[in-house]
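In full-length UniProt numbering, the protein residues as written are 1 to 333. For each residue, glycine too, the CB sits at the ideal point set by N, CA and C. Bear in mind the structure is a predicted one, so any value in this text is a computation, not a measurement. Okay, structure first, notes after.
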């Protein structure tokens, strides 16, 4: 029986990617480990597309459903322009519930200058809580999309904001009573507010203008999963500095309470930006101007060095992503 969460990398390749036989000449980037988006040739332009589900959140599902795929488009340095939502709701859903979810989605999309251009909504016994699958699209001039294939040894691994933002926010909203035994109301409220920070469109577009060697929004698998996946795309190694990874104190407390690893916790709102050595200062200035905090958390290395995380006096190999830490909490009361 498979574990809860997305398939691990080996199974994903064996059971999904390897089963896809037809290849269109118009598709320039297709499914692969660590690839967030498809890239389609439209002559002068390229169409960038991504799809993702929201299954772990309940109270903020409308808002998060827009952010997760728009973030994928932004990881290519592209401004998203449209989104489609397939909304599946359990029996017992009320008109008020639908209005709340779609109100969140509409408000979030408008804030990002993204139009909701279609989708599907239904009540079904196939789900026991709301599930939304979103598909976002963007366009860019041919040849300008950012790619992790460009990673080179010596590049800086930069991370925006902090680890575990989305996971902390989801847990804070859905498990307030449990957290209240260990945290103040102010701390819980601040952790819940992290869901206001889950967009990476601003930093993705700003970084794309500077020029990167690839970006990856940090979703399931956390920061370590994101770096590992980027190394799979590029065929390079990486050294990640554990003590340099930023973590909000509320996230740290939540992870301690639920015995989960913040470096493996879903972290929408944070972006990995692979920055060439000669563009580090320009990148820092561009992100500061955009009002986005950024931290150097490692360097790209030669492939034979593998993907490792280091700290004072120690180091270990980074394992491939496994089911996200959020699934240790989802469904618990």
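query                                                                                                                                : result
For residue 50: DSSP bridge partner residues                                                                                         : 136
Bounding residues of the beta strand (DSSP E) (the contiguous stretch that carries residue 159)                                      : 156 to 160
Residue 100 to residue 262 span [Cα, whole Å]                                                                                        : 30 angstroms
Same chain, Cβ closer than 8 angstroms to residue 278, neighbours up to 5 away in sequence not counted                               : none
Buried versus exposed call for residue 16 [16 or more other C-beta atoms within 10 Å across all chains shown]                        : exposed
Sequence-distant residues of its chain with Cβ nearer than 6 angstroms to residue 158 (five each side left out)                      : 273, 275, 294 and 296
Whether residue 254 touches residue 168 by CB criterion (7 angstroms)                                                                : yes
Per-residue DSSP class, three states only, for residue 213                                                                           : coil
Closest Cα partner of residue 312 within the set 153, 243, 247 and 108                                                               : 243
Three or more C-beta pairs below 8 angstroms linking the segment 297 to 306 and the segment 191 to 209                               : no
Other residues of its chain near residue 26: CB distance less than 6 angstroms, five sequence neighbours each side excluded          : 40 and 41
Check: residue 68 C-beta below 6 angstroms from any heavy atom of the ligand GDP                                                     : Of ligands this structure carries none, so the ligand GDP is not represented either.
Neighbourhood of residue 130 by C-beta distance below 6 angstroms, restricted to the same chain and skipping five residues each side : 61 and 89
Proximity winner among 177, 103, 44 and 109, relative to residue 70 (alpha-carbon distances)                                         : 109
For residue 236, the three-state DSSP class (helix, strand or coil)                                                                  : coil
Inter-residue spacing [alpha-carbon to alpha-carbon] between residue 170 and residue 267                                             : 11 angstroms
Bridge partners - residue 324, DSSP secondary structure assignment                                                                   : Answer is none; residue 324 lacks a bridge partner.
Buried or exposed (CB count within 10 angstroms, at least 16 for buried), residue 229                                                : buried
Residues bridged to residue 39 (per DSSP)                                                                                            : 29 and 48
Assigned exposure category for residue 141 - 16 Cβ within 10 Å defines buried                                                        : exposed
Per DSSP, the bridge partner or partners of residue 122                                                                              : 88
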